[in-house]
Every structure is written in C-alpha cells, then in structure tokens.
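Asks: Here it is, the structure, as structure tokens.
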Amino acid sequence: MKRRNFLKAGVTAGAAVALLPGPLARAATASPAAPAQSFTVPMSVPPVLRPSASTSDGLLYTMTMAETSVEVLPGRLTRLRTFNGQFPGPTILAKRGQPVIIRQTNKLSVPTAVHLHGGHVASRDDGFPTDTIPPGDTRDYYYPNAQPAASLWYHDHAHHQEAENVFRGLAGSYLLTDEYEDQLPLPRDEYDIPLLIRGGRFAPSGNLIYDADDPDGPDHPAVLVNGRPRPYFQVAARKYRFRIANVANHQLFGLRLRGGGGMVQIGSDGGLLPEPVDVSEVRLSPAERADVVIDFSRYPLGSRIVLENTEACEDECPDVLRFDVVRPAQDTSRIPDRFLPLEDYGPPVVERRFVLTSDVRNNRHFINGKEFDADRIDIRPKVGNTEVWTIVNGDAAHRIPHSFHTHLERFKVLDRNGRRPPASESGLKDTVAISPGETVRIKVRFHDYTGRYVYHCHIMEHNGTGMMGQMEIER
Ligand SMILES: [Cu+2]
C-alpha cells in the first residue's frame, strides 16, 4: 500500500477519521501507550545555553546533534535525536546587534541541516534542505541578529529527513531581543517562558512511533509541552509572558484557558504586534508562534487553570497544560498600550500566485503543480522589491490544511478570502495558516540578501514530499 496522508485531514475533520481504513488499523497494531494522565509531571523550562566563547565574529555556541535517551513520559526513557542531549533543544537568548555563531556537530547517523526559523540570515547559513551536515561533520551557522526582536526557533531542515528529525526532537527556542523591547515593562526573566507544543505517539517502551503518514497520531495521544506530556506549571499570582510555538509536524492547536479567562497577545512570528490584542484563544498552525501575557493575579492562590486544545474537542477539549497558582508575587510589569508601527513595505511591483495541492493517493504535494527540485529555481525576486503573493489552498476536497512559510523575509497578511485578517495576524509573520479552500494574500519585501532560499508548507510531511519552492533573490 502506498503511503497515504489522508489522516492529516483529520486535524480539522476529526470525526471523519474514524471511518477511514488503513492507517488507523496500523496504529492499533502498533499498540501505542495509553495516553499519560494529565498533570502528573512538572513542566520543564528548556535551559538557556551559555556561549562557549566570545569571538571577533560574535558569540560562539556549541551544539551536538546526537541520539540521547531522555525521560519524556514519567519513569520511561525515550530515544530521541537531540541538540546537546536536551528535548527540546537548549534556548538561545540573542540580542540584536550581537551576532551569534552556532557550531553544530552532527553525531547522528542521518544528515541534518539547521534552519533558524524566522531568521534573517545569509543563504549559506539558512539550512538549505540539500545543504546538509553529513554524519560526523561540523558546521558553523552565522546569525547576524540584525532584525528586530522576535521569538524564533531552530530545527532540522534536511530534505526528506526533516519530518522525522524534528519529530524525534531536533527543535529549540531562539529568543531575540532588541533595545526597544528590552526597555518595555513586559514580564521578563523567570516570568518570560517558552512553551514549545507538539504531539507525539509513544510505544509502551517509551519510544516515539514515527509514522510518516501521521506522526502526531489521529487521536493526539500525547501532547508535549517543552518535552513533557500534559504537564503542570507552578506560577506566581502575577503576569507571565509565554512564547508559544507550535513545533508539531502537522497538528494545529487552538489554545484556550478552560472556563474562560482572557490572554493578551503581544507578538507573533515576526515580533511584537503594533498593539496588544485581547484574545480568548490562540490558534497556531505548524511553526506559527504567539507571544501572550496571562495575568494570574486575577485567580486566588491555589487555583488550577487548564490550557486546553480546541482543535480536538469531543465532550471536552483535551488538556495541554495546567497552571497552578501557588504563590503571591510582586508585579511591576505592565503591557504597554501600543508597540511600534509596522515597517511600510510600499506598493507591490510584482504579484505572484501559489496554488498548494496534494495527490493524496500517492502522498505527493505540489506548489503550482510542481514538486520541489533543488536544481530548479521557481521564482527570482529582486532586492528592494515588494511583492504580493496570493496563496491558494487547493486541497478543499481533501480537507487538508497547509501552513505557508517563507524563509528570510517576514510578511504582512493582507487578507483571507478577501476579508481582513484577525488582529492576531496584524504583525509581521513568517508562517501563515491556509485552511482547506482558503486564499490568503501576503505582502513581502526583499530587503537585502541575495541567493537561494526556500518557501514551503510547514506541515513537515508536505514540504518533505514536494510542497516547497526555491527562490533565487537577485540584485
Ligand atoms: Cu501542507
């Protein structure tokens, strides 16, 4: 039987999945471990990596990609592909104007390519899918950090290998700040926490079951936050900033505080929004990020507040994380009324159209009818030009969502099906959800770098099987 991907449609069509044969039966024979009970383990915060040297080119960080056994489920070890033995990888805290070099050594048995997602970096440092680090080799990636503050993340991007590499652990946070953000009275330090959210299916042994058709599982048997299953997190009764990232291969998350309770979204993929937005739910397609502030001072001490996933509700929406309000705290943080206006990209001089389609039977994915070919340049944008891209999800019939990501440059979302996007999409972005049948227009500007970069669907199994294009930016 050919590899099939229709279960991905189950992300939005949960009920229909149960009627489908094949992969579901295989999932059953694989005997996945019963979902862990919610809230039995504390959430961990990925440790911040210290630089190993300060060089004239920038701060040098050292990472090794290797197989490591890590306790993910309580009391069991999971064999993972890790950065520095950690799952998720260590957090990099970077400052605008202070370049970073990450020296990556690949001790895995598969090639890797490290991509700084949302990073404005030279082509040679972008982790081009075929520009890989062979097993045993070391490579330096140079990140100039010349862009505004943003919650970025790094992950593997080796062509055909990225989906499994990321599923097995190769992802981490890269939080870039700048002088403007640094002087804002937002929650900081131990009150500024990354939340990397994804699914995972585990065998009774504790090992992850990777199924290219359906890596997160049709029934989302485990949701991992910072590498732990449905953990609890003890918080003080004050404001926190959470850098939420959907690092799943294909799963969508709609994150909401059960029982109501608002959040304030202050940022998205490309940095701070023009102004904060009150939200009751944060919807994230794969690779999208949202910075939100939650004020726990409105809850009495002892309160337990569940963050739930509205994308997979039956009687109740599944648990993701529980915040336990355990101690009082001083709080001098504040959310400003507004942040900076977005850069003016000016009028577009080029318009392009990208239609995303799938051959479900053969698990092939296309942009404008073509599969990715590293030897073919699809578009040649010019430095200094602003372009409007119309992106069409042509998979309405299969009910397959897509998540469109541009490397190098951040874009503005102009409209969805001709309508203004929600305020949560009012900032600069690098990834945008495109629901089945939807048409989204974005405006992108090519500022400076020339060379080859990719743009693709960030559902890992889609870009790995064709839904990716190559641009060569020219002067
Ligand atoms: Cu896709």
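In mature numbering (1 follows the signal peptide of the UniProt record, and there is no 0), the protein residues as written are -27 to -1, 1 to 448.
By construction, the Cβ of each residue, glycine as well, lies at the ideal position given by its N, Cα and C atoms.
Remember, predicted model here, so these are calculated numbers, not experimental data.
Please indicate yes or no: does the CB of Asn390 lie closer than 8 angstroms to some heavy atom of ligand 1?
Replies: Position 417 of the sequence shown, counted from the first residue, corresponds to residue 390. Outside the cutoff, so no.
Asks: With 16 other CB atoms within 10 Å as the buried threshold, where does Cys430 fall?
Replies: Working through the sequence shown from its first residue, we reach residue 430 at position 457. Buried, since its Cβ has 16 or more Cβ neighbours within 10 Å.
Asks: So what does Pro15 bridge to, in DSSP terms?
Replies: Along the sequence shown, read from residue 1 onward, the residue named residue 15 stands at position 42. DSSP, once it has assigned bridges, lists Tyr205 as partnering Pro15.
Asks: Residue range of the alpha helix (DSSP H) that Phe345 falls in?
Replies: Locating residue 345 in the sequence shown gives position 372, counting from the first residue. Per DSSP, Phe345 belongs to no alpha helix (DSSP H) and is neither H nor E.
Asks: Between which residues of its own chain and Ile217 is the CB-CB distance below 7 angstroms, once the five residues before and five after are set aside?
Replies: Walking along the sequence shown from the start, residue 217 turns up at place 244. Excluding positions up to five away in sequence, the list reads Leu168, Ile170, Leu228, Val255, Leu257, Arg262, Ala263, Val265.
Asks: Could you give the first and the last residue of the continuous beta strand (DSSP E) run that contains Tyr422?
Replies: Walking along the sequence shown from the start, residue 422 turns up at place 449. It is not in any beta strand (DSSP E) - Tyr422 carries neither H nor E in the DSSP assignment.
Asks: Would you mind reading off the limits of the beta strand (DSSP E) that contains Glu284?
Replies: For this step, residue 284 is matched to residue 311 along the sequence shown. Premise fails: Glu284 is in no beta strand (DSSP E) and is neither H nor E.
Asks: To the nearest angstrom, how far is the alpha carbon of His338 from that of Ile350?
Replies: The count along the sequence shown starts at 1 and reaches residue 338 at position 365. The count along the sequence shown starts at 1 and reaches residue 350 at position 377. Near 17 angstroms, if we compare the C-alpha coordinates of Ile350 and His338.
Asks: Taking buried to mean at least 16 other C-beta atoms within 10 Å of its own C-beta, is Val386 buried or exposed?
Replies: Reading the sequence shown from its first residue, position 413 is the one you call residue 386. Sixteen is the threshold: when 16 or more other Cβ atoms of the shown chains lie within 10 Å of the Cβ of Val386, as they do, the residue is buried.
Asks: Between the segment 44 to 59 and the segment 98 to 105, do three or more beta carbon pairs fall short of 8 angstroms?
Replies: no
Asks: Tell me, please, whether the segment 195 to 202 touches the segment 235 to 255 by the rule of three or more beta-carbon pairs shorter than 8 angstroms.
Replies: No, the segment 195 to 202 is not in contact with the segment 235 to 255.
Asks: Does the beta carbon of residue 449 fall short of 8 angstroms from some heavy atom of ligand 1?
Replies: It is not possible to answer for residue 449, since the shown part of the chain is limited to -27 through 448.
Asks: Going by the beta-carbon positions, is the gap between Gly442 and Tyr428 smaller than 9 angstroms?
Replies: Here residue 442 corresponds to residue number 469 of the sequence shown, with the count starting at 1. Here residue 428 corresponds to residue number 455 of the sequence shown, with the count starting at 1. A contact, by the Cβ cut-off of 9 angstroms.
Asks: Answer yes or no: the CB of Leu225 versus the heavy atoms of ligand 1, is any distance below 8 angstroms?
Replies: Counted from its first residue, the sequence shown places residue 225 at position 252. Every heavy atom of ligand 1 is 8 angstroms or more from the Cβ of Leu225, so no.
Asks: Could you check what DSSP says for Met36 in three-state terms: helix, strand or coil?
Replies: Position 63 of the sequence shown, counted from the first residue, corresponds to residue 36. Strand at Met36.
Asks: Is the beta carbon of Ile166 less than 9 angstroms from the beta carbon of Tyr116?
Replies: As a working mapping, residue 166 is identified with position 193 in the sequence shown. As a working mapping, residue 116 is identified with position 143 in the sequence shown. Not in contact: Ile166 and Tyr116 (Cβ atoms no closer than 9 angstroms).
Asks: Can we count Ser376 as close to ligand 1, meaning its CB is less than 8 angstroms from some heavy atom?
Replies: The residue you call residue 376 lines up with position 403 of the sequence shown. Correct: Ser376 has its Cβ closer than 8 angstroms to ligand 1.
Asks: Just how far apart, CA to CA, sit Leu425 and Lys355?
Replies: If you number the sequence shown from 1, residue 425 lands on position 452. If you number the sequence shown from 1, residue 355 lands on position 382. The displayed chain sequence assigns Arg, not Leu, to residue 425. If you take the alpha carbons of Arg425 and Lys355, they lie about 12 angstroms apart.
Asks: Taking C-alpha atoms, which residue in Cys290, Arg372, His88, Ala209 lies nearest to Asp332?
Replies: Within the sequence shown, numbered from 1, the residue matching residue 332 stands at position 359. Looking at the Cα atoms, Arg372 is the closest of the given residues.
Asks: What did DSSP end up calling Ala122 once you bin it into helix, strand or coil?
Replies: Start at 1 with the first residue of the sequence shown, and residue 122 comes out as number 149. Correct three-state label for Ala122: coil.
Asks: Measuring CA to CA, which of His90, Asn336, Phe345, Val14 is closest to Phe206?
Replies: One-based indexing of the sequence shown puts residue 206 at position 233. Closest option to Phe206, Cα to Cα, is Val14.
Asks: Among the residues of its own chain, which have a CB less than 6 angstroms from the CB of Ser82, if the five just before and after it don't count?
Replies: As a working note, residue 82 is residue 109 in the sequence shown. Once the five neighbours on either side are set aside, the close Cβ partners of Ser82 are Pro108.
Asks: Report buried or exposed for Pro(-7), applying the criterion of at least 16 other Cβ atoms within 10 angstroms of its Cβ.
Replies: Taking the sequence shown and counting its residues from 1, the one referred to as residue -7 is at position 21. With a pLDDT of 31 at Pro(-7), under the threshold of 50, the modelled position of this residue cannot be trusted; read the value that follows with caution. Exposed.
Asks: Could you pull out every residue in the same chain whose Cβ sits closer than 8 angstroms to the Cβ of Lys(-26), ignoring the five residues on either side in sequence?
Replies: Position 2 of the sequence shown, counted from the start, is the residue given in the question as residue -26. Only weak support exists for where Lys(-26) lies, its pLDDT of 32 falling under 50; the coordinates are left without a value.
Asks: Taking the straight line between their C-alpha atoms, what separation do you get for Phe419 and Ile106?
Replies: The residue labelled residue 419 in the question sits at position 446 within the sequence shown. The residue labelled residue 106 in the question sits at position 133 within the sequence shown. Approximately 28 angstroms between the Cα atoms of the pair.
Asks: For ligand 1, is there a heavy atom less than 8 angstroms away from the beta-carbon of His338?
Replies: By one-based count along the sequence shown, residue 338 stands at place 365. Result yes, Cβ under 8 angstroms from ligand 1.
Asks: Under the three-state reduction of DSSP, which class applies to Phe377: helix, strand or coil?
Replies: Within the sequence shown, residue 377 is the residue found at index 404, counting from 1. Phe377 falls in the strand class under three-state DSSP.
Asks: Would you check if the segment 150 to 167 and the segment 275 to 289 touch, i.e. whether three or more CB-CB distances between them fall below 8 angstroms?
Replies: no
Asks: At 3 residues or longer, what runs of the beta strand (DSSP E) sit wholly inside the segment 70 to 156?
Replies: 73 to 79, 87 to 90, 111 to 116, 123 to 129, 144 to 150
Asks: Ignore the nearest five residues each way along the sequence and tell me which others in Arg69's own chain have a CB closer than 6 angstroms to its CB.
Replies: Walking along the sequence shown from the start, residue 69 turns up at place 96. Same-chain partners within the cutoff: Asn118, Asp151.
Asks: Buried or exposed: Asp348, going by 16 or more other Cβ atoms within 10 Å of its Cβ?
Replies: In the sequence shown, residue 348 corresponds to position 375, counting from 1. So Asp348 counts as exposed.
Asks: Just to confirm before moving on: does the CB-CB distance between Pro202 and Val18 stay below 9 angstroms?
Replies: Your numbering for residue 202 matches position 229 in the sequence shown. Your numbering for residue 18 matches position 45 in the sequence shown. No, the pair does not count as a contact, with Cβ atoms beyond the cut-off.
Asks: Measuring only from the beta carbon, is Ile373 closer than 8 angstroms to any heavy atom that is part of ligand 1?
Replies: If you number the sequence shown from 1, residue 373 lands on position 400. Yes, the beta carbon of Ile373 sits closer than 8 angstroms to at least one heavy atom of ligand 1.
Asks: Using the rule of at least 16 other Cβ atoms within 10 Å of the residue's Cβ for burial, across every protein chain shown, is Ala26 buried or exposed?
Replies: Position 53 of the sequence shown, counted from the first residue, corresponds to residue 26. By the neighbour-count criterion, in which 16 or more other beta carbons inside 10 Å mark a residue as buried, Ala26 falls on the exposed side.
Asks: Does the distance between the C-beta of His380 and the nearest non-hydrogen atom of ligand 1 fall short of 8 angstroms?
Replies: To locate residue 380, count along the sequence shown from 1; it is residue 407. For His380, the distance from the CB to the nearest heavy atom of ligand 1 is not below 8 angstroms.
Asks: Are the CB atoms of Arg141 and Arg49 nearer to each other than 9 angstroms?
Replies: Numbered from its first residue, the sequence shown carries residue 141 at position 168. Numbered from its first residue, the sequence shown carries residue 49 at position 76. Going by C-beta atoms, Arg141 is not nearer than 9 angstroms to Arg49.
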